[in-house]
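Worksheet for the structure shown next.
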Amino acid sequence: MPLRVHNTLSGEKELFIPLEPGKAGMYVCGVTVYDYCHIGHARANIVFDVIYRYLKYIGYEVTYVRNYTDIDDKIIRRANQEGVDYSTVSTRYIEAFDEDMALLGLEKPTFEPKATDHIGRIIEMVETLVAKGNAYESEGDVYFSVDSFPEYLKLSGRNLQEMQAGARVEVGEKKRNDMDFALWKNSKPGEPWWESPWGRGRPGWHIECSAMSMEFLGKSFDLHGGGKDLVFPHHENEIAQSEAANGCRFVRYWLHNGFVNINSEKMSKSLGNFFTIRDVLEKYDPETLRFFILSAHYRSPLDFSDRNLDEAETGLERIYSCLAAINHILSSDEESSPDEDLQLFISGPELLGKLDGVISRFHEAMDDDFNTALALAVLFDTVRCANRLIGESKFLTRKTKDLLSRIPQIFSEIGSVLGVPVSDPSDWLEKLKTKKAANLDISSEEIEKLIEERKEARSEKNFTRSDEIRDTLLKRGVRLLDSADGTTWQPSDI
RNA sequence: GGCGGCGUAGCCAAGUGGUAAGGCAGAGGUCUGCAAAACCUUUAUUCAGCGGUUCAAAUCCGCUCGCCGCCUCCA
Numbered sequence: 443m444p445l446r447v448h449n450t451l452s453g454e455k456e457l458f459i460p461l462e463p464g465k466a467g468m469y470v471c472g473v474t475v476y477d478y479c480h481i482g483h484a485r486a487n488i489v490f491d492v493i494y495r496y497l498k499y500i501g502y503e504v505t506y507v508r509n510y511t512d513i514d515d516k517i518i519r520r521a522n523q524e525g526v527d528y529s530t531v532s533t534r535y536i537e538a539f540d541e542d543m544a545l546l547g548l549e550k551p552t553f554e555p556k557a558t559d560h561i562g563r564i565i566e567m568v569e570t571l572v573a574k575g576n577a578y579e580s581e582g583d584v585y586f587s588v589d590s591f592p593e594y595l596k597l598s599g600r601n602l603q604e605m606q607a608g609a610r611v612e613v614g615e616k617k618r619n620d621m622d623f624a625l626w627k628n629s630k631p632g633e634p635w636w637e638s639p640w641g642r643g644r645p646g647w648h649i650e651c652s653a654m655s656m657e658f659l660g661k662s663f664d665l666h667g668g669g670k671d672l673v674f675p676h677h678e679n680e681i682a683q684s685e686a687a688n689g690c691r692f693v694r695y696w697l698h699n700g701f702v703n704i705n706s707e708k709m710s711k712s713l714g715n716f717f718t719i720r721d722v723l724e725k726y727d728p729e730t731l732r733f734f735i736l737s738a739h740y741r742s743p744l745d746f747s748d749r750n751l752d753e754a755e756t757g758l759e760r761i762y763s764c765l766a767a768i769n770h771i772l773s774s775d776e777e778s779s780p781d782e783d784l785q786l787f788i789s790g791p792e793l794l795g796k797l798d799g800v801i802s803r804f805h806e807a808m809d810d811d812f813n814t815a816l817a818l819a820v821l822f823d824t825v826r827c828a829n830r831l832i833g834e835s836k837f838l839t840r841k842t843k844d845l846l847s848r849i850p851q852i853f854s855e856i857g858s859v860l861g862v863p864v865s866d867p868s869d870w871l872e873k874l875k876t877k878k879a880a881n882l883d884i885s886s887e888e889i890e891k892l893i894e895e896r897k898e899a900r901s902e903k904n905f906t907r908s909d910e911i912r913d914t915l916l917k918r919g920v921r922l923l924d925s926a927d928g929t930t931w932q933p934s935d936i
């Protein structure tokens with residue numbers, strides 16, 4: 443099945459046909475670097491990371507550009523508050539962003555341009571727009587004239603007249619039309635500036651993305667992504683600038699991810715209801731966060747809560763437990779006899795059939811507008827079937843092992859696209875245990891001592907005492923696990 | 001007010017015309033001295049409500065109710 447993507451421009455899923463066969467150009471609006479990133483940023487970046495990886499996985503040569511907007515009102519305001527240069531602020535948060543993305547396991551885009559490295563391009567573009575009559579200078583500012591671009595608002599499906607009638611649009615005497623937006627801003631005293639034909643100034647908000655995408659991907663390219671909240675005005679304005687300046691279609695497919703919500707409300711800086719990526723990674727593994735984000739379709743809202751993260755953790759643990767069990771079986775040197783080797787237990791054929799279909803089911807899911815939730819379900823389906831085979835096999839034949847050995851390979855292939863699961867199973871499980879154990883108020887020596895005492899009690903059939911020890915430990919957050927090999931323990935809230 | 005989206009089991013979540021994926025929790029079972037853990041099995045005659053189109057609808061159309069987003073910086 444060919445790839446289909448939901449295009450905001452048409453509001454429908456469309457067949458993905460790139461400009462050049464075999465190649466894909468993709469631009470994603472990065473962050474304005476004035477603060478630490480929150481989970482909403484994590485979602486956007488993880489979603490487009492997966493899209494980038496999937497495009498490569500199905501054979502496209504992808505050029506992926508994700509910018510840093512490193513000059514903007516909020517950066518300047520922050521710098522003024524701290525009494526430092528704007529670049530001190532932007533540099534700090536660019537580094538923080540890079541660290542966060544690395545922790546989340548994101549692949550590096552092909553290019554990560556900064557707006558301030560492309561001021562020349564931006565000025566050229568503004569000059570073109572002025573020359574073509576789509577923009578005008580006014581007291582050192584340059585504005586885009588929305589009346590000069592008849593298709594304005596085609597992405598968000600709004601109506602210009604109605605928006606102008608809206609009471610919330612501020613009247614600016616410098617503008618010819620209230621809806622006109624700044625391409626270039628005259629810099630006030632104390633603000634950073636660059637020389638331009640209109641005097642010293644700095645770029646407006648939207649123009650940097652138009653200039654940088656054109657620089658790296660050309661006047662027209664395949665995919666442009668970002669959060670839903672960028673549809674208007676940011677992407678609408680990008681379209682107006684780019685198409686007016688270049689006289690051709692700007693972007694073929696517009697992709698927008700849904701928000702992360704807190705109690706069904708959008709997480710945002712202005713509402714103050716946000717968690718930074720750093721906050722969350724203190725409590726949860728990056729793969730858990732990724733798994734959580736991918737468990738919903740990228741366009742749907744996603745409710746963020748400890749409970750939902752815990753559920754994601756439990757789900758991922760199920761996958762890793764299965765993989766660990768398989769690894770354990772494959773590494774054991776237990777041998778069966780030659781005629782037993784050909785046997786496969788009842789679930790064998792079922793698992794065989796499943797395994798043959800896993801990759802194509804994964805493709806189907808992802809080809810349908812990157813349905814990662816469905817893709818994850820394919821993994822669970824395989825896990826259940828594998829567990830059943832392991833459970834009912836009285837002894838492990840060569841044939842069983844061969845069959846099971848395909849699972850880690852398949853999961854690793856899928857993991858290379860989704861970014862989960864990508865860890866060594868026992869390492870990941872061990873890490874989870876360690877994390878939980880850190881909250882206990884009892885030392886492992888103490889626990890081991892009690893386990894030893896309980897072992898003696900049990901050998902004497904003193905079950906009253908042994909159960910007492912077990913209960914005591916459980917109250918302190920330690921769960922005992924009896925097995926044929928002896929007793930081990932784990933934190934009880936796993 | 002304008003535009004857009006959503007409403008699927010206790011919870012999370014796929015499915016957008018052919019008779020409800022998957023996960024978590026719950027229940028039953030295997031195992032166990034008893035447990036726990038693990039694993040297996042199982043859990044929606046029904047998709048917010050009401051009408052309509054159709055041989056057939058959670059899926060299409062209309063209306064109603066509820067929630068959310070954008071319209072101002074925002075992933």
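Position one of the first sequence corresponds to residue 443 (our numbering), numbered consecutively onward. For each residue, glycine too, the CB sits at the ideal point set by N, CA and C. No experiment lies behind these values; they were computed from the predicted model shown.
Query                                                                                                                                                                        : Result
So within the stretch 487-575, which uninterrupted alpha helix (DSSP H) runs reach at least 4 residues, ignoring any that extend past its ends?                              : 515-524, 528-545, 561-573
The alpha helix (DSSP H) that contains V475, what's its start and end?                                                                                                       : That residue, V475, is in no alpha helix (DSSP H); it is neither H nor E in DSSP.
Sort I768, R760, Y726 by Cα distance to R749 and report the nearest one.                                                                                                     : Y726
Please report the straight-line C-alpha distance between E834 and S847, rounded to a whole angstrom.                                                                         : 17 Å
Is the CB-CB distance between F658 and T505 below 8 Å?                                                                                                                       : yes
For R610, I'd like the list of residues in its chain whose CB is within less than 7 Å of its CB, leaving aside the five on either flank, ordered along the chain.            : The pLDDT assigned to R610 is 44, lower than 50, so where the model puts this residue is not dependable, and the model offers no usable value.
Does D745 come out as helix, strand or coil in the three-state DSSP assignment?                                                                                              : strand
Three-state secondary structure (DSSP) at Y961?                                                                                                                              : Residue 961 lies beyond the residue range present for the chain, which begins at 443 and ends at 936; the question has no answer from this structure.
Along the chain, where does the beta strand (DSSP E) containing V800 start, and where does it finish?                                                                        : Run containing V800: none in the beta strand (DSSP E); it sits in the alpha helix (DSSP H), 790-809.
Taking the beta carbon of E678 as the centre, do at least 16 other beta carbons fall within 10 Å, making it buried, or is it exposed?                                        : buried
Please list the terminal residues of the continuous beta strand (DSSP E) segment that includes W931.                                                                         : 928-933
How do the stretch 537-557 and the stretch 592-608 stand: do at least 3 beta-carbon pairs fall below 8 Å, yes or no?                                                         : no
Give me, in chain order, the residues of the same chain whose beta-carbon lies closer than 6 Å to that of E390; leave out the 5 immediate sequence neighbours on both sides. : Here the chain has residues from 443 to 936 only, and residue 390 is not among them.
Taking 8 Å as the threshold (C-beta atoms), are F553 and N576 in contact?                                                                                                    : no
Which of helix, strand or coil does DSSP assign to W870?                                                                                                                     : helix
Going by DSSP in three states, E462 sits in which element: helix, strand or coil?                                                                                            : coil
According to DSSP, is L451 part of a helix, a strand, or is it coil?                                                                                                         : coil
Is it a yes or a no for the stretch 791-807 touching the stretch 840-859, going by three-plus beta-carbon pairs under 8 Å?                                                   : yes
So, for T570: in the same chain, excluding its five sequence neighbours on each side, which residues have a beta-carbon less than 7 Å away from its beta-carbon?             : A687
Determine the closest residue to Y494 out of I518, M808, K627, I704, with distance taken between C-alpha atoms.                                                              : M808
Using the Cα positions of D620 and S684, report the straight-line distance between them to the nearest angstrom.                                                             : 20 Å
Which of the three DSSP states, helix, strand or coil, is assigned to L713?                                                                                                  : coil
For the alpha helix (DSSP H) that S652 lies in, which residues bound it at each end?                                                                                         : 649-659
Pick from A899, A484, S774: whose alpha carbon is nearest that of T839?                                                                                                      : S774
Taking the continuous alpha helix (DSSP H) assigned at R642, which residues delimit it?                                                                                      : Taken as a continuous stretch (DSSP letters only), R642 belongs to no alpha helix (DSSP H), as it is neither H nor E.
Taking just the CA atoms, how far does C764 sit from E898?                                                                                                                   : 33 Å
Would you list the one or two residues that DSSP bridges to N703?                                                                                                            : K708, D745
Thinking just about the alpha-carbon of each residue, which of T824, G482, S712 is nearest to the one in M543?                                                               : G482
Could you pull out every unbroken alpha helix (DSSP H) segment of at least 4 residues lying fully inside the stretch 591-632, listed in chain order?                         : 602-607
Using alpha carbons as the reference points, say which of T533, Y496, V859, Q851 lies closest to T511.                                                                       : T533
Assuming A766 and P675 form a contact by the criterion Cβ under 8 Å, report the distance between their Cβ atoms to the nearest whole angstrom.                               : That pair is no contact at about 50 Å.
Hey, D664 and R694 are a contact pair by Cβ (cut 8 Å); roughly how many whole angstroms apart?                                                                               : 5 Å
If the criterion is Cβ atoms closer than 8 Å, does the pair E729 and S865 meet it?                                                                                           : yes
Can you give the Cα-Cα distance for L831 and G790, rounded to whole angstroms?                                                                                               : 6 Å
When DSSP labels each residue in this structure, what does D883 get in the three-state scheme?                                                                               : coil
Can you grab the Cα-Cα spacing for the pair I884 / P933, in whole Å?                                                                                                         : 11 Å
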